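Heads up: take any position in the sequence shown, counting from 1, add 44, and you land on this note's numbering. Note that the Cβ used here is the ideal one computed from N, Cα and C, for glycine as well. No experiment lies behind these values; they were computed from the predicted model shown.
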Amino acid sequence: MDLKSKVVMITGAGGPMGKAIAKRFYEEDAKLVLTDISENRLLQTIDMLTDENGSNKNIFYLRSDVLNKKEIKEVVNKAIGIYKKIDILVNIVGGIRAKKMDQPILEMENERWDQTMDLNLKGGINCIKLIAPQMIESESGKIINISSINFAGEPGYADYGAAKAAVASFTKTAAMELGPYINVNCIAPAVIQTSVLDRMDKETLDYYRDRTLLKRLGKPEDVANTALFLASNQSDYITGEIIAVSGGVSPHL
45 MDLKSKVVMI TGAGGPMGKA IAKRFYEEDA KLVLTDISEN RLLQTIDMLT
95 DENGSNKNIF YLRSDVLNKK EIKEVVNKAI GIYKKIDILV NIVGGIRAKK
145 MDQPILEMEN ERWDQTMDLN LKGGINCIKL IAPQMIESES GKIINISSIN
195 FAGEPGYADY GAAKAAVASF TKTAAMELGP YINVNCIAPA VIQTSVLDRM
245 DKETLDYYRD RTLLKRLGKP EDVANTALFL ASNQSDYITG EIIAVSGGVS
295 PHL
């Protein structure tokens, strides 16, 4: 995959999935624009990418909250000032920030609904609105969003499922509106081995593992390899698609 001349912006680059995706693109000699809400996590990613000679060339990084339009605009403007363009956008930021992961609909406060919808959907929209015009002008671009197989619904996670369904639907609409020059696709992972699993008991983990046809949980690298494919010219005729990375677990209602 020839990504040597490509500039890739990755949000949520400090998390396990962000680290894995940044690593795969860096291995392909892409130029990276990395951002995360946590300065410490972001620096950990930079340390991981820094070689034994202390070199981390072709990496620009800056802490930002994707929900803060001023902060994310600063990241985009500085990146374009350095690289003159952004070819690929990977919107990773998402999840659930509530202390209690699973919660019935009748107990879920509006504050949690708003927070989850904003975190999973609006941050990515903020980035796309800043970057897509430049992609259209250059008549080339790839946008990759992260949804979840839970977009079809999962008891106790109504807010998360609704938010990820919104991401999937938004992806299809964005592909319609931003074509023919921009490919917009979405990855829908099953449960991936990240720090979120620390908040799940063994019974829950066993349930998610046993649901897969491959009888294992996904790894961040599984998502990273899919993102790399969708960013490459090998996926030039793919747009508006939801790609499940789930070990064979299909989303269903």
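task = Confirm, please, whether the CB-CB distance from V120 to G56 is below 9 angstroms.
result = Here residue 56 refers to the residue found at position 12 when the sequence shown is read from its first residue. Here residue 120 refers to the residue found at position 76 when the sequence shown is read from its first residue. Taking C-beta atoms as the reference points, G56 and V120 fail to come closer than 9 angstroms.
task = Over the uninterrupted alpha helix (DSSP H) stretch that includes T256, give me the two end residues.
result = In the sequence shown, residue 256 corresponds to position 212, counting from 1. First-last for T256: undefined, no H or E at that position.
query = What are the start and end residues of the alpha helix (DSSP H) that includes I231?
reply = For the purposes of this step, residue 231 is taken as residue 187 along the sequence shown, with counting starting at 1. Premise fails: I231 lies in the beta strand (DSSP E), I226 to P233, not in any alpha helix (DSSP H).
task = Determine the contact status of K129 and S182, defining contact as a CB-CB distance below 9 angstroms.
result = In the sequence shown, the residue the question calls residue 129 occupies position 85. In the sequence shown, the residue the question calls residue 182 occupies position 138. Yes.
query = Distance, Cα to Cα, V279 vs L150?
reply = By 1-based counting over the sequence shown, the position of residue 279 is 235. By 1-based counting over the sequence shown, the position of residue 150 is 106. Checking the sequence shown, residue 279 turns out to be Ser, not Val. Cα to Cα, the separation comes out at about 42 angstroms.
task = Within its chain, find whatever has a CB closer than 7 angstroms to the CB of M179; leave out the 5 residues flanking it on each side and keep chain order.
result = On the sequence shown, residue 179 is found 135 positions in, with the first residue counted as 1. Scanning its chain for C-beta atoms nearer than 7 angstroms, with the 5 sequence neighbours on each side dropped, one finds around M179 the residues G185, Y225 and I226, in chain order.
query = Among I81, S82 and Y105, which has the Cα closest to the Cα of I90?
reply = Numbered from 1 along the sequence shown, position 46 holds the residue referred to as residue 90. Closest option to I90, Cα to Cα, is Y105.
ask   = Whose C-beta lies closer than 6 angstroms to the C-beta of G167 among residues of the same chain, with five residues either side of it excluded?
value = Position 123 of the sequence shown holds residue 167. Around G167: V110, L111 and V137.
query = What residue does the beta strand (DSSP E) around I286 start on, and which one ends it?
reply = Walking along the sequence shown from the start, residue 286 turns up at place 242. Segment I286 to V289, the beta strand (DSSP E) holding I286.
task = Measure the alpha-carbon distance for T79 versus G58 and round it to whole angstroms.
result = Walking along the sequence shown from the start, residue 79 turns up at place 35. Walking along the sequence shown from the start, residue 58 turns up at place 14. Here the C-alpha atom of T79 lies approximately 7 angstroms from the C-alpha atom of G58.
Limits of the unbroken alpha helix (DSSP H) element including G197 = Taking the first residue of the sequence shown as position 1, residue 197 is located at position 153. Per DSSP, G197 belongs to no alpha helix (DSSP H) and is neither H nor E.
ask   = Where does I124 fall in DSSP's three states?
value = As a position in the sequence shown, residue 124 is number 80, starting the count at 1. Residue state, collapsed to three classes: helix.
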